[in-house]
Amino acid sequence: MIKYSLKCDNDHIFEAWFPSGGDYDAQKERGLLVCPFCESKNVEKAPMAPSIAKTPPKVNANIPVTSGNIIPPEMHKIYNDMRETIEKNFDYVGDTFAREARDINDGIAPERPIYGETTSQEARELIEEGINIAPIPPLANPKKDKEIN
Ligand SMILES: [Zn+2]
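At position 18 of the sequence shown (counting the first as 1) the number is 139 in our numbering, and the numbers step up by one without a gap.
(1) Would you mind reading off the limits of the alpha helix (DSSP H) that contains GLY143?
(2) Per DSSP, which one or two residues make a beta bridge with ILE134?
(3) Over the uninterrupted alpha helix (DSSP H) stretch that includes LYS209, give me the two end residues.
(4) Is there at least one non-hydrogen atom of ligand 1 closer than 7 Å to the beta-carbon of PHE211?
(5) Determine the extent of the alpha helix (DSSP H) in which GLU249 is found, giving its start and end residues.
(6) Does DSSP put ILE123 in a helix, a strand or coil?
(7) On the three-state DSSP scale, how would you describe GLU165?
(8) Are there 16 or more other CB atoms within 10 angstroms of the CB of SER172, so buried, or fewer, so exposed?
(9) Please identify the residue among ILE235, VAL164 and PRO256 whose C-alpha is closest to the C-alpha of GLU208.
(10) Go to ILE254, then tell me how far its alpha helix (DSSP H) extends in each direction, as first and last residue.
(11) Specify whether the segment 197-208 and the segment 221-231 touch according to this definition: at least 3 beta carbon pairs, one from each stretch, less than 8 Å apart.
(12) Excluding the 5 residues flanking GLY142 on each side, which residues of the same chain have their C-beta closer than 8 Å to its C-beta?
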């Protein structure tokens, strides 16, 4: 068996197995190679290696960002108040946030407000799962602050 990456004239790329390289040619000649996406019979071997086809699709999400020094002083106070409230009342779970949020949602972990770090990918997944989370301004090294207290 031999596996080829194939490409149709609409740029759809898919993989197909053939008993041998000759069978690819024979099937192509008889018009048996059909794109599974658009049913085009204009199918050729894709020049790219299969490993390239496995690259995850690019995420086109625009995440709002700001650089550090343009935050007005009144915002600093809001941030600090928010931070104090969170540190006083919320459980810090660090980078296990996503798991902890799911466990609470599933009733496995005790229900309580938590905060921590997660990736934007995990945050998106949590939101898609209907778990209520909110981004907070970066807290200056919350772990270290807790040790001082
Ligand atoms: Zn196609």
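Beta carbons: idealized from backbone N, C-alpha and C, even for Gly.
If we stick to the structure as given:
(1) If you look at GLY143, you'll find it in the alpha helix (DSSP H) that goes 142-150.
(2) According to DSSP, which records beta bridges pairwise, ILE134 is partnered with LYS128.
(3) Looking at the DSSP string, the run of the alpha helix (DSSP H) that includes LYS209 is 194-210.
(4) Every heavy atom of ligand 1 is 7 Å or more from the Cβ of PHE211, so no.
(5) Its alpha helix (DSSP H) spans residues 241-249.
(6) Three-state DSSP puts ILE123 in a strand.
(7) Note: GLU165 maps to strand in three-state DSSP.
(8) Low confidence applies to SER172: its pLDDT is 46, below 50, so where it sits in the model is not reliable, and the reading given next is rough at best. So SER172 ends up on the exposed side.
(9) Nearest C-alpha to GLU208 among ILE235, VAL164 and PRO256: ILE235.
(10) First-last for ILE254: undefined, no H or E at that position.
(11) Judged by Cβ distances under 8 Å, the segment 197-208 makes no contact with the segment 221-231, as fewer than three pairs qualify.
(12) These residues qualify, in order along the chain: ILE123.
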